[in-house]
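Protein chains in written order, with UniProt numbering: chain A, 1 to 351; chain B, 1 to 351.
Ideal placement from N, C-alpha and C gives every residue a C-beta, glycine not left out.
In what follows, a structure is listed as structure tokens, so that the remarks can point back to it.
Here you go:
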């Protein structure tokens, strides 16, 4: 049995190696062309960092499916399940997913009026509102262009594009629900989980299932991998909500407790409200600049007392376990093990 | 020889009939689903009107290619060039293009801080900034989803998606150039025409060439139709710039001369500057609410004196004539004639 710490080391090493390859591929897929300011703004968040968890899941799922050792085959010339079809550019698909992620972050930061992201100014702060809207729009179409160039069979490319477009639609729907929830005080856990599925988990589901689609795997494999992504993606978001309350602000890259201050719904607050907690009274201010660490500490203690943080942690664990079970469609190999460990890591990571 | 007035009648009747069909198809392709506010905002501009010129060009090009009488064949079950392939949903493709157009209008109105569009409040005014960004993003992915459901052969669907994605990228690039031009006073006509090609004409080019792609026409036909779209699309925008100066505000649906007031570059101002006119001095104010009709009249008189409006009109005519020549790849038929007349209409229309 791997302990949580050695597992974290294994996962971080695996993620780190793929991150380097993805980071090298980003400027290849998205060179700074004319108009330069537009492309610089489009690349700004991508170049500022990010763990590349979604590309890592995409690349590792492909390795598990193809039954090859991790990092043993060039991602740019990856074997498909049907040998007659030839190779596909799996790295392109991985970058496409990360580009979609980056587009949503740029537009979300405008909508949520967030000034910081990955420790640097949000794009609308570093540039301006117009450029940030346009940078997001550019990444949007670029993601489709990149996904169209994997060299997959046309029928599989069409299916991949359909998943990508559908994913984007659902992300928009989820973000709309999230914005709507800020104005409501009667959101129940099921609604919250539906919102998280649309806003966050579908892109994990796309990441896990797209390699199977592009490589020509059977539908039941595609569906199981999609389900894995939905489960671990929701778990990831729930854990993110826990981290927002428990990790020091300097490690978070933003004010701890900012979700509470900004009245954002999380599984924790939804549970707490159902258990009689007046969420609006947990912190006095609605200004993240004004909240004190002591106020956040008191709020967290209160949420722990009613069991809301345990509830969120339990839910995340349940989802991860179910997601791992779905991986039974994959052969037993090192990449499969890594996908298991990645799932655990998503809810054990400290930031 | 058709006179300009009877031609306008013919074109308006043809456009009007297709507009009705397109208007019926919009709610079919884009029903108001959950979250309702998001989809209502997404539909707001589409439902507010619009001539549907791009869908009309798409539908008519298909009729010319298939050599069928205008409006004689169901657009939802349209014959392809290769009879083995079966039918395609051409109306879906037409709606997809209009949905892209609507997405760009919503985001452009935010960027340009325009309050009115088609005589109604812009989406960010009627709703709010967050909803307008998200409505545009939703239309973006929906356009791809709709285009993926035409029933075309996968290889042709992939090509169509590639054109659509590439079109969106170019529209973003063109909009970025347009924003950039507002800060510059040394833009030359070639740069302006490049910007207009990207910002406006590529969607006309997509509209004219997509039916050929989906129907499996030869590459030279696709290329010629794309060229037709680029030419008439640029002419359309140049004529739009002329109309901004010459059509009464109540017919325009916005203040006449607003481009001048807001310091927007047009082929007219770029030409005038090259001929010694101080564009910044043409109107005193930079507030569209404050400008008077007399000020706009004086500015227009000045621009006429140096020949800038004639120059723009001549350029638009030259482009339309070249575009019509490109249609020689099409069979001689009624739909072909209508595409000729549509091209003329684009630079003869009064609003």
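CA nearest to the CA of residue 49(A), picked from 24(A), 231(A) and 69(A) = Within the first chain, numbered from 1, the residue matching residue 49(A) stands at position 49. Residue 49(A) has its Cα closest to that of 24(A), out of 24(A), 231(A) and 69(A).
inquiry  = Given this structure, state the Cα-to-Cα distance separating residue 195(A) from residue 39(A), to the nearest angstrom.
reply    = Translated into positions along the first chain, residue 195(A) becomes position 195. Translated into positions along the first chain, residue 39(A) becomes position 39. The straight-line gap from Cα to Cα measures roughly 31 Å.
key: Supposed close pair residue 330(B), residue 232(B) - CB separation, criterion 8 Å   = One-based indexing of the second chain puts residue 330(B) at position 330. One-based indexing of the second chain puts residue 232(B) at position 232. Approximately 14 Å separates the beta-carbon atoms of residue 330(B) and residue 232(B); this is outside 8 Å, ruling out the contact.
ask   = Exposed or buried, residue 108(B), counting other C-beta atoms within 10 Å across all chains shown (16 or more means buried)?
value = Within the second chain, numbered from 1, the residue matching residue 108(B) stands at position 108. By the neighbour-count rule (16 or more Cβ atoms within 10 Å), residue 108(B) is buried.
request  = For the stretch 119–143 of chain A, enumerate the residues whose C-beta is nearer than 7 Å to any C-beta of chain B, in chain order.
outcome  = Only those residues of the stretch 119–143 of chain A whose C-beta falls short of 7 Å from the nearest C-beta of chain B are listed: 130, 133, 134, 137, 138, 140, 141 and 142.
ask   = Going by the beta-carbon positions, is the gap between residue 29(B) and residue 165(A) smaller than 7 Å?
value = Counted from its first residue, the second chain places residue 29(B) at position 29. Counted from its first residue, the first chain places residue 165(A) at position 165. No. Outside cutoff.
query = In the DSSP assignment, what residue or residues form a beta bridge with residue 117(A)?
reply = Looking up residue 117(A) in the first chain gives position 117. Under DSSP, residue 117(A) shares a beta bridge with 120(A).
query = Measuring CB to CB, does residue 213(B) end up less than 7 Å from residue 143(B)?
reply = For this step, residue 213(B) is matched to residue 213 along the second chain. For this step, residue 143(B) is matched to residue 143 along the second chain. Cβ atoms of residue 213(B) and residue 143(B): not closer than 7 Å.
request  = Compare the C-beta of residue 65(B) with all C-beta atoms of chain A and state if any pair is closer than 7 Å.
outcome  = Residue mapping note: residue 65(B) aligns to position 65 of the second chain, counting from 1. In terms of beta-carbon proximity, residue 65(B) stays away from the interface with chain A, with every pair separated by 7 Å or more.
message = Using only the alpha-carbon positions, how far apart do residue 352(A) and residue 8(A) sit?
response = The question about residue 352(A) has no answer here: the residues shown for chain A are numbered 1 through 351.
inquiry  = For the pair the stretch 305–319 of chain A and the stretch 237–249 of chain A, tell me if three or more CB-CB distances fall below 8 Å.
reply    = Counting Cβ pairs under 8 Å, three or more are found: they touch.
query = Do you know offhand how far residue 263(B)'s Cα is from residue 89(A)'s?
reply = To locate residue 263(B), count along the second chain from 1; it is residue 263. To locate residue 89(A), count along the first chain from 1; it is residue 89. When rounded, the distance between both Cα atoms is 46 Å.
ask   = Does DSSP classify residue 149(A) as helix, strand or coil?
value = Reading the first chain from its first residue, position 149 is the one you call residue 149(A). Correct three-state label for residue 149(A): coil.
message = Quick check for students: name the residue ranges of the alpha helix (DSSP H) that lie wholly in the stretch 270–329 of chain A, counting only runs of 4 or more.
response = Counting only runs of 4 or more residues that sit fully inside the stretch 270–329 of chain A, the alpha helix (DSSP H) segments are 293–305 and 308–326, in chain order.
message = Assuming contact is defined by CB atoms lying nearer than 7 Å, are residue 58(A) and residue 85(A) in contact in what I supplied?
response = On the first chain, residue 58(A) is found 58 positions in, with the first residue counted as 1. On the first chain, residue 85(A) is found 85 positions in, with the first residue counted as 1. The answer is no: Cβ separation not under 7 Å.
query = So what does residue 88(B) bridge to, in DSSP terms?
reply = Taking the second chain and counting its residues from 1, one reaches residue 88(B) at position 88. DSSP lists 78(B) as the bridge partner or partners of residue 88(B).
query = Can you find a CB in chain A that lies within less than 7 Å of the CB of residue 196(B)?
reply = Walking along the second chain from the start, residue 196(B) turns up at place 196. With 7 Å as the cut-off, residue 196(B) does not count as an interface residue toward chain A.
message = Is it buried or exposed, residue 383(A), if we count other Cβ atoms within 10 angstroms and call 16 or more buried?
response = In this structure chain A extends from 1 to 351, so residue 383(A) is not present and cannot be described.
request  = Using the Cα positions of residue 12(A) and residue 301(A), report the straight-line distance between them to the nearest angstrom.
outcome  = Counted from its first residue, the first chain places residue 12(A) at position 12. Counted from its first residue, the first chain places residue 301(A) at position 301. Cα-Cα distance, rounded: 31 Å.
task = Output yes if chain A places a C-beta closer than 7 Å to the C-beta of residue 175(B); else output no.
result = Position 175 of the second chain, counting from 1, holds the residue named residue 175(B). By this cut-off, residue 175(B) is an interface position.
query = DSSP on residue 142(A), reduced to helix/strand/coil?
reply = Counting from 1 along the first chain, the entry for residue 142(A) is found at position 142. Here residue 142(A) sits in helix by DSSP.
request  = Return the residues of the stretch 150–161 of chain A that lie within a Cβ-Cβ distance of less than 7 Å from chain B, sorted by chain order.
outcome  = Within the stretch 150–161 of chain A, the residues whose Cβ lies closer than 7 Å to some Cβ of chain B are 154, 155, 157, 158 and 161, listed in chain order.
task = Keeping to the same chain, check which residues put their C-beta closer than 6 Å to that of residue 255(A); ignore five residues upstream and five downstream.
result = The residue labelled residue 255(A) in the question sits at position 255 within the first chain. 249 and 288, listed in sequence order.
ask   = Leaving out five residues before and five after residue 104(B) in sequence, what residues of the same chain have Cβ atoms less than 6 Å from its Cβ?
value = Reading the second chain from its first residue, position 104 is the one you call residue 104(B). Hits under 6 Å: 171.
ask   = Are the C-beta atoms of residue 81(A) and some chain B residue less than 7 Å apart?
value = Reading the first chain from its first residue, position 81 is the one you call residue 81(A). Not one chain B Cβ lies under 7 Å of residue 81(A).
task = Measuring only between beta-carbons, confirm whether residue 31(B) sits less than 7 Å from chain A.
result = For the purposes of this step, residue 31(B) is taken as the residue at position 31 of the second chain. With 7 Å as the cut-off, residue 31(B) does not count as an interface residue toward chain A.
ask   = To the nearest angstrom, how far is it from the Cα of residue 192(B) to the Cα of residue 322(B)?
value = As a first step, residue 192(B) is located in the second chain; it is residue number 192 there, counting from the start. As a first step, residue 322(B) is located in the second chain; it is residue number 322 there, counting from the start. Roughly 19 Å between the two C-alpha positions.
message = Any contact between the stretch 118–125 of chain B and the stretch 59–72 of chain B? By contact I mean 3 or more CB pairs, one from each, below 8 Å.
response = Too few Cβ pairs lie closer than 8 Å, so no.
query = Quick one: what's got a C-beta closer than 8 Å to residue 294(B)'s C-beta in the same chain, skipping five residues either side?
reply = Here residue 294(B) refers to the residue found at position 294 when the second chain is read from its first residue. Same-chain partners within the cutoff: there are none.
key: Contact residues within the stretch 102–113 of chain B, judged by C-beta distance below 7 Å to chain A   = Answer set for the stretch 102–113 of chain B: 107, 110 and 111.
task = Please check if any C-beta of chain A sits within less than 7 Å of the C-beta of residue 165(B).
result = Position 165 of the second chain, counted from the start, is the residue given in the question as residue 165(B). Answer yes: the Cβ-Cβ gap between residue 165(B) and chain A drops below 7 Å somewhere.
inquiry  = Pop quiz: residue 133(B) and residue 133(A) are said to be a contact at Cβ under 8 Å. What is the actual Cβ separation, rounded to whole angstroms?
reply    = For the purposes of this step, residue 133(B) is taken as residue 133 along the second chain, with counting starting at 1. For the purposes of this step, residue 133(A) is taken as residue 133 along the first chain, with counting starting at 1. Yes, residue 133(B) and residue 133(A) are in contact; Cβ-Cβ is about 6 Å, under 8 Å.
key: Spatial distance of residue 338(B) from residue 15(B) (CA atoms)   = If you number the second chain from 1, residue 338(B) lands on position 338. If you number the second chain from 1, residue 15(B) lands on position 15. Taking the straight line joining both Cα atoms gives about 10 Å.
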